[in-house]
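As structure tokens, the structure follows; a few thoughts come after it.
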Amino acid sequence: MDPISNLTTYSSVHLALFRIFFPITVVVPTVGVPANIYILWILLRKQGICSNSDIFTVNLAFLDALCCLLQPMEIAHAITAQPERPVFYSVLLNLFAGPLFQMCTCVDCYIGVIHPIVFLRFKMPRFRLLPCAAVWAATVSLSVSSLFTDNSPKTLESMAGFLIGELGIMVFCNIKILWALKQHRPGCQQLHPAKVRAFRTVLTLLIMVLVHYVTPVANFLVISYNNMDKLSLFPVIAFMLSCISSCNHPFFYLVRTGKLPRFFYRKMQAKVREPTADRSLATVQP
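Given below as structure tokens:
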């Protein structure tokens, strides 16, 4: 192939990448950063946050805000880099650390429902701060090592293995909590609200991991072993899912805790009250 046709193909690939990922560079930081800051503002005002699973949500929100800020620069680098290199570094933090924090939340809910005495015994903050520190240390180590492995199959296999293990633990927590919900006390027909909240939390996190992380990891493995076209439909969808996950996590949290409907309900109430207040003022004035 002559140099002119090579240059034309190279430019067309970059133009296609720009058209696909430019909306993400605009929407994800614009929506994701304020949403995650709002989650941090809600959680950091709570008392005893280090003594429950909210500390993992705080770390996840901080991670998502960081990923939202980094994504425009990383996508710009991916567009200007060589098109034959797979896009990997832009979602590495989110793919590795995100499921780990969600798995920690699931395990914390599982212990609280199935082993409440153990949960109370290990309620000190250090038992939740240590896993958070371990996740950040492992994430930084993987990020640094990936710079020298050039997306080797071993790195991708390790990430896939971690994700499969995390999914297995989360499925186990879902099944055990669901089983505990079905165990009614004699004479008690209502489900325990704390157990219902725990099951809702674990189920929501499992769905988030399945939607946002399984497809990108499978995509990286397929690219690594089969030299798949980087602009085919499957890699594009996988990359977009991993990018928008930083925006979706805050909204999943607000829906799971029931704060998102309450937020919109208050907004609607405020709009309804404004004309009423104006009319009352008008009747008072001569």
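Start counting the sequence shown at 22; every next residue gets the next number (this note's numbering).
Cβ atoms here follow ideal geometry from the backbone N, Cα and C, with glycine treated the same way.
Within 8 Å, do at least three Cβ pairs link the segment 118–125 to the segment 43–56?
No, the segment 43–56 does not touch the segment 118–125.
Within the continuous alpha helix (DSSP H) that includes M229, where are the two ends?
Walking along the sequence shown from the start, residue 229 turns up at place 208. Per DSSP, M229 belongs to the alpha helix (DSSP H) from 214–233.
Assess contact between the segment 184–198 and the segment 215–231, defined as three or more Cβ pairs (one per stretch) separated by less than 8 Å. Is contact present?
Because the criterion of three Cβ pairs below 8 Å is met, the segment 184–198 and the segment 215–231 touch.
Should Y234 and T78 be called a contact, given that it needs their Cβ atoms to be closer than 8 Å?
Looking up residue 234 in the sequence shown gives position 213. Looking up residue 78 in the sequence shown gives position 57. No, Cβ-Cβ distance for Y234 and T78 is not below 8 Å.
Determine the extent of the alpha helix (DSSP H) in which R66 is found, giving its start and end residues.
If you number the sequence shown from 1, residue 66 lands on position 45. Here R66 belongs to no alpha helix (DSSP H), and DSSP marks it neither H nor E.
Look at the alpha carbon of I198 and the alpha carbon of A219, and state the distance between them as a whole number of angstroms.
Along the sequence shown, one-based indexing puts residue 198 at 177. Along the sequence shown, one-based indexing puts residue 219 at 198. Spanning the two alpha carbons is a distance of roughly 8 Å.
Quick check: what's the CA-CA separation for C264 versus V230?
For the purposes of this step, residue 264 is taken as residue 243 along the sequence shown, with counting starting at 1. For the purposes of this step, residue 230 is taken as residue 209 along the sequence shown, with counting starting at 1. Looking at the two C-alpha atoms, the distance is approximately 13 Å.
Applying the criterion that 16 or more other CB atoms from any shown protein chain within 10 Å of the CB defines a buried residue, is V156 buried or exposed?
Taking the first residue of the sequence shown as 1, we reach residue 156 at position 135. When all chains shown are included, V156 counts as buried.
When you compare only the Cα positions, how much space is there between I70 and G182?
Indexing the sequence shown from 1 puts residue 70 at position 49. Indexing the sequence shown from 1 puts residue 182 at position 161. Each residue's Cα considered, the two are about 31 Å apart.
Considering only C-alpha positions, which residue in the set G186, L202, L184 is nearest to V217?
Taking the first residue of the sequence shown as position 1, residue 217 is located at position 196. Nearest C-alpha to V217: L202.
What residue range does the alpha helix (DSSP H) around F140 cover?
Within the sequence shown, the letter at position 119 stands for residue 140. It spans 137–142 - the alpha helix (DSSP H) in which F140 sits, taken as one unbroken run.
Is it true that the CB of C89 sits closer than 8 Å to the CB of S267?
Taking the sequence shown and counting its residues from 1, the one referred to as residue 267 is at position 246. Taking the sequence shown and counting its residues from 1, the one referred to as residue 89 is at position 68. Yes, Cβ-Cβ distance for S267 and C89 is below 8 Å.
Taking only the alpha-carbon atoms, compute the straight-line gap between A215 and A86 and give it to the nearest angstrom.
Indexing the sequence shown from 1 puts residue 215 at position 194. Indexing the sequence shown from 1 puts residue 86 at position 65. Rounded to the nearest angstrom, the two C-alpha atoms are 29 Å apart.
By Cβ distance below 7 Å, which residues in the same chain neighbour V52 in space, the five residues on each side in sequence not counted?
On the sequence shown, position 31 is the one that residue 52 refers to. Cβ neighbours of V52 beyond the five flanking positions: C268.
Please name the residue in L65, V232, M94, P93 whose C-alpha comes closest to that of L184.
By one-based count along the sequence shown, residue 184 stands at place 163. The shortest C-alpha separation from L184 is found at V232.
Out of curiosity, what's the CA-to-CA distance linking V161 and T126?
Along the sequence shown, read from residue 1 onward, the residue named residue 161 stands at position 140. Along the sequence shown, read from residue 1 onward, the residue named residue 126 stands at position 105. Their Cα atoms are separated by approximately 20 Å.
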